[in-house]
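Numbering (this note's numbering), first residue to last: 208 to 272. Glycine included, every Cβ here is placed at the ideal spot set by N, Cα and C. First the structure, in the form of structure tokens, and then the observations on it.
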Ligand SMILES: [Zn+2]
């Protein structure tokens, strides 16, 4: 079953449910039990910009002992 990101309109609780399409319609808030929940649509960030420049890796700390 697909996962749905939901948010309660009563208390603002965001939660994820695993349910079918019909069950999603009857989802309730796990915190306050309200059925005033709406589905969240996650937007995937596309492209974080090209990072120019040299790739300098931080030197690992050497510990003796
Ligand atoms: Zn709630």
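Using a 10 angstroms sphere on the CB of residue 211, the tally of other CB atoms reaches 16 or more, which defines it as buried.
Relative to the non-hydrogen atoms of ligand 1, the Cβ of residue 269 never comes closer than 8 Å to any of them. One alpha carbon belongs to residue 219, the other to residue 248, and they sit about 15 Å apart.
By the criterion of a C-beta distance shorter than 7 Å, residue 208 is surrounded in its chain by 225, 226, 227, once the five residues flanking it on both sides are discounted. Counting the other CB atoms within 10 Å of its CB gives residue 236 a total of 16 or more, which places it among the buried residues.
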